[in-house]
Amino acid sequence: MTNEPQHVTAENQFQQLIIRSENDPKKLQIAYEDHRSNRNALFRDQIRQPGFCEWKEDELLLKVLEAEKGLTDFVDPRNNLAFWARPPKHIRDLVYKIQQEIGPLIGPGLWLVPQHHLHMTTLEIRSALTGPEIDEIASSLGMSGLVAELVNYTLTHRARLVKPIISYDTSAIALSFVPAAGEEDRNVYSGKDDQFTYHHLRSDLYNIVTQSGCPIAARYTVPSAHITIARFIAPSDPKKGESDSPKEFEKRASRFIDKIDNLNHELRSNVWKRLGDPSQGQWVIGHEKGLELMKGRTCANPIGPKRVKSHNPTIALALLRQATIQRPPPSYPAKSVKMVNIPKTRRTYCKSKDCHKHQQHKVTQYKAGKASLFAQGKRRYDRKQSGYGGQTKPVFHKKAKTTKKVVLRLECTACKAKKQLALKRCKHFELGGDKKTKGAALVF
């Protein structure tokens, strides 16, 4: 979304809104809601006006995309330094569904942001500077020793975002949220207290960075929490470009806005027919990973100490203390064994009387499944020795299958019914620890 850069200032602009809102999460939520609603209304009127004939295309982005394909040698001169929050999988899935709904209405002129590029700018430090200038600022911040505290801040300060809707202007489309203010919370990763909001998180990060002596010139200080999911660019192939007459363009733009309004109506309702489960609309910042300090042109690589990914409070606090004083993290027994690539949730059919439909299930436990004799590479002759009847002619197989089974114990998020589900995993699947730990609760 488009924001004008602001001058460097030592005053915490995030704290000003907290003071005006009397530190009330509900008033902060209203401020965020008013900002995105007013912005949508402004650009809705602008796009629907007679004579609207073009989107504000990002020409630099188009050049970057062409360079990635090897078509040009263009190098983006803009360098940035910012803290990003990466959306968890269920938010990325929601973004993908929205992209599939709106993408076909514009065609090649709309660039859909890939999943690995999705992010929310929590605090922008500097933007549009040269590489050496950004390196100097990043080095100053790194020498302060605060990077570890900043990227892992969400481990001890949980902020929750809710009520997603689609926001837009003439240059980009975003999925925007508002800070939670007492809404129903089923997320086991949240702090269960909405007094600390996303705006408080931004304010705290601002204070820590400025106290280190690092200058901040942020564009994103308005009450907004959004992920850019699409941008308008010039079509890469002129033959596939926009060839509609002005009247046709107006109609297409109007249908596009109607589609977004229709999707927003569904997002605000309690029933999502196209977008999944409304319970998946909340996002606890730091759910799957902490913040990322991103530096450079494409902001593809985080810098500084590694983020602490554990959400076990005891382990997380210990790791945070160690990271803050620049020591390697301690070794924990739970981390010393090889862990299993087990999903945290899985959408499958629930047979309970209350559901009788596909629902999201939480994985509570796992255990190793028994592999078939064929998967073990045994001959048919060995079936006799294993207690099976039938043919005993020794027919040999070339190699054993490398697939192993795992059994998940699931709990329906809607009706709390429990079930088991057998899955297959590749040869790299391993259970950590000895046999006594099989079936133990997962450590995420």
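Numbering (the working numbering), first residue to last: 27 to 470.
C-beta atoms are modelled at their ideal positions from N, C-alpha and C, and glycine is treated no differently.
Q: Tell me, to the nearest whole angstrom, how far the beta carbon of L319 is from that of T148; I am working on the premise that it is less than 8 Å.
A: Within the sequence shown, numbered from 1, the residue matching residue 319 stands at position 293. Within the sequence shown, numbered from 1, the residue matching residue 148 stands at position 122. About 10 Å separates the Cβ atoms of L319 and T148, ruling out a contact at the 8 Å cut-off.
Q. Among the residues of its own chain, which have a CB less than 8 Å from the CB of I44, if the five just before and after it don't count?
A. As a first step, residue 44 is located in the sequence shown; it is residue number 18 there, counting from the start. These residues qualify, in order along the chain: L54, H225, H226, S229.
Q: Would you tell me roughly how many angstroms separate the C-alpha atoms of P304 and L293, rounded to the nearest one?
A: In the sequence shown, residue 304 corresponds to position 278, counting from 1. In the sequence shown, residue 293 corresponds to position 267, counting from 1. One alpha carbon belongs to P304, the other to L293, and they sit about 8 Å apart.
Q. How should E210 be labelled, buried or exposed, when 16 other C-beta atoms within 10 angstroms of its C-beta is the threshold for buried?
A. Numbered from 1 along the sequence shown, position 184 holds the residue referred to as residue 210. Burial state of E210 is exposed, judged by a 10 Å Cβ sphere holding fewer than 16 other Cβ atoms.
Q) Smallest Cα separation from Y246: which of G77, R74, F109, N66? A) Here residue 246 is taken as the residue at index 220 of the sequence shown, counted from 1. Nearest option by C-alpha distance: F109.
Q.
Going by beta-carbon coordinates alone, are S202 and H143 separated by less than 7 Å?
A. Taking the sequence shown and counting its residues from 1, one reaches residue 202 at position 176. Taking the sequence shown and counting its residues from 1, one reaches residue 143 at position 117. Cβ distance not < 7 Å, so S202 and H143 don't count as in contact.
Q. For the candidate residues R372, E94, Q306, whose alpha-carbon lies nearest to that of Q446?
A. By 1-based counting over the sequence shown, the position of residue 446 is 420. Checked all of R372, E94, Q306; the closest Cα to Q446 is R372.
Q) What number of angstroms, rounded off, separates the C-alpha of W81 from the C-alpha of L138? A) For the purposes of this step, residue 81 is taken as the residue at position 55 of the sequence shown. For the purposes of this step, residue 138 is taken as the residue at position 112 of the sequence shown. Approximately 15 Å between the Cα atoms of the pair.
Q) In terms of residue numbering, what span does the alpha helix (DSSP H) encompassing S280 cover? A) Translated into positions along the sequence shown, residue 280 becomes position 254. Element bounds for S280: 272 to 294.
**Q.** Option nearest D71 by Cα separation, candidates E94, D195, D102
**A.** By 1-based counting over the sequence shown, the position of residue 71 is 45. Residue D195 is the option with its Cα nearest to D71.
Q: Whole angstroms is fine: what's the gap from I73's alpha carbon to A279's?
A: In the sequence shown, counting from the first residue as 1, residue 73 sits at position 47. In the sequence shown, counting from the first residue as 1, residue 279 sits at position 253. For I73 and A279, the distance between alpha carbons rounds to 7 Å.
Q) In angstroms, rounded to a whole number, what distance separates the CA positions of S250 and H61? A) The residue labelled residue 250 in the question sits at position 224 within the sequence shown. The residue labelled residue 61 in the question sits at position 35 within the sequence shown. C-alpha separation (whole angstroms): 7 Å.
Q: From the DSSP output, in three-state form, read off V204 for me.
A: Translated into the one-based positions of the sequence shown, residue 204 becomes position 178. V204 carries a strand assignment under DSSP once its states are collapsed to helix, strand and coil.
Q: Specify, as a first and last residue, the run of the beta strand (DSSP E) that V389 falls within.
A: Taking the first residue of the sequence shown as 1, we reach residue 389 at position 363. Run containing V389: 383 to 394, per the beta strand (DSSP E) assignment.
**Q.** beta-carbon H61 near the ligand ATP non-hydrogen atom, thresh 6 Å
**A.** What this structure holds is no ligand at all, so the ligand ATP is not there to describe.
Q) With 16 other CB atoms within 10 Å as the buried threshold, where does K377 fall? A) Working through the sequence shown from its first residue, we reach residue 377 at position 351. The residue is exposed, with fewer than 16 neighbouring Cβ atoms inside 10 Å.
Q: Compute the Euclidean distance between the alpha carbons of D84 and T254, then round it to the nearest angstrom.
A: Along the sequence shown, read from residue 1 onward, the residue named residue 84 stands at position 58. Along the sequence shown, read from residue 1 onward, the residue named residue 254 stands at position 228. Taking the straight line joining both Cα atoms gives about 13 Å.
Q. For F40, which residues of its own chain have a beta-carbon under 7 Å away from its beta-carbon, when the five flanking residues on both sides are left out?
A. In the sequence shown, the residue the question calls residue 40 occupies position 14. In chain order, H225, R228, S229, Y232, T247 place their CB closer than 7 Å to the CB of F40, counting only its own chain and leaving out the 5 sequence neighbours on each side.
Q | Three-state secondary structure (DSSP) of P331 | A | As a working mapping, residue 331 is identified with position 305 in the sequence shown. Because P331 sits at a pLDDT of 44, beneath the cut-off of 50, its placement in the model cannot be relied upon, and the point is left open.
**Q.** Continuous beta strand (DSSP E) assignments of at least 3 residues falling wholly in the region 137 to 197
**A.** Counting whole runs of 3 or more residues, the region 137 to 197 contains the beta strand (DSSP E) stretches 146 to 155, 186 to 194.
(Q) Let me confirm a value: T223 is counted as buried when at least 16 other C-beta atoms fall within 10 Å, else exposed. Which label applies? (A) The sequence position of residue 223 within the sequence shown is 197, counting from 1. Burial call: buried.
Q: Would you list, in sequence order, the uninterrupted beta strand (DSSP E) runs of no fewer than 3 residues that lie entirely inside the region 41 to 89?
A: Those beta strand (DSSP E) runs which fall completely within the region 41 to 89 and span 3+ residues do not exist here.
**Q.** For H183 and T236, the rounded distance between their alpha carbons
**A.** Residue numbering aside, residue 236 sits at position 210 when the sequence shown is read from its first letter. Residue numbering aside, residue 183 sits at position 157 when the sequence shown is read from its first letter. Taking the straight line joining both Cα atoms gives about 19 Å.
Q. Where do the ends of the alpha helix (DSSP H) carrying I117 lie?
A. Your numbering for residue 117 matches position 91 in the sequence shown. In the DSSP annotation of this structure, the continuous segment of the alpha helix (DSSP H) that includes I117 starts and ends at 115 to 132.
Q | Opening and closing residue of the alpha helix (DSSP H) in which H226 lies | A | For the purposes of this step, residue 226 is taken as the residue at position 200 of the sequence shown. Start and end: 224 to 237.
(Q) Between S295, D119, V121, I286, which has its C-alpha nearest I132's C-alpha? (A) In the sequence shown, residue 132 corresponds to position 106, counting from 1. Comparing Cα positions, the closest option is I286.
Q | V432 - partner residues in DSSP beta bridges | A | Position 406 of the sequence shown, counting from 1, holds the residue named residue 432. For V432, DSSP records a beta bridge to A394, L449.
Q) Going by DSSP, what residues sit across from I253 in a beta bridge? A) Position 227 of the sequence shown, counting from 1, holds the residue named residue 253. Paired residues: L201.
Q. Relative to the C-alpha of H387, which residue among A440, A164, H313, D380 is closest?
A. The residue you call residue 387 lines up with position 361 of the sequence shown. Distance check between H387 and each of A440, A164, H313, D380 places A440 closest, using alpha-carbon atoms only.
(Q) Beta-carbon within less than 7 Å of Q125's beta-carbon, same chain only, minus the 5 sequence neighbours each way: which residues are those? (A) One-based indexing of the sequence shown puts residue 125 at position 99. Excluding residues up to 5 positions away in sequence, L138, I255, A256 lie with their Cβ nearer than 7 Å to the Cβ of Q125 in the same chain.
Q. Counting only beta-carbon atoms, is V121 nearer than 7 Å to chain D?
A. Any reference to chain D falls outside this structure, which holds one protein chain only.
Q) Among R152, K370, C381, which one has its Cα closest to the Cα of Y435? A) Against the sequence shown, residue 435 aligns to sequence position 409. Reading off the sequence shown, one finds Arg at residue 435, where the question assumed Tyr. When only C-alpha atoms are compared, the closest one is K370.
Q. Under the rule that 16 or more other beta-carbon atoms within 10 Å means buried, what is C438, buried or exposed?
A. As a first step, residue 438 is located in the sequence shown; it is residue number 412 there, counting from the start. When all chains shown are included, C438 counts as buried.
Q: Under 8 Å Cβ to Cβ from Q141, same chain only, skipping five residues before and after it: list those, please.
A: As a working note, residue 141 is residue 115 in the sequence shown. Only R118, V121, Y122 meet the Cβ criterion.
Q.
Taking the beta carbon of D219 as the centre, do at least 16 other beta carbons fall within 10 Å, making it buried, or is it exposed?
A. Your numbering for residue 219 matches position 193 in the sequence shown. The residue in question, D219, is exposed, as its Cβ has fewer than 16 Cβ neighbours within 10 Å.
Q) If you run the structure through DSSP and keep just helix, strand and coil, what is A243? A) Numbered from its first residue, the sequence shown carries residue 243 at position 217. Coil at A243, not helix or strand.
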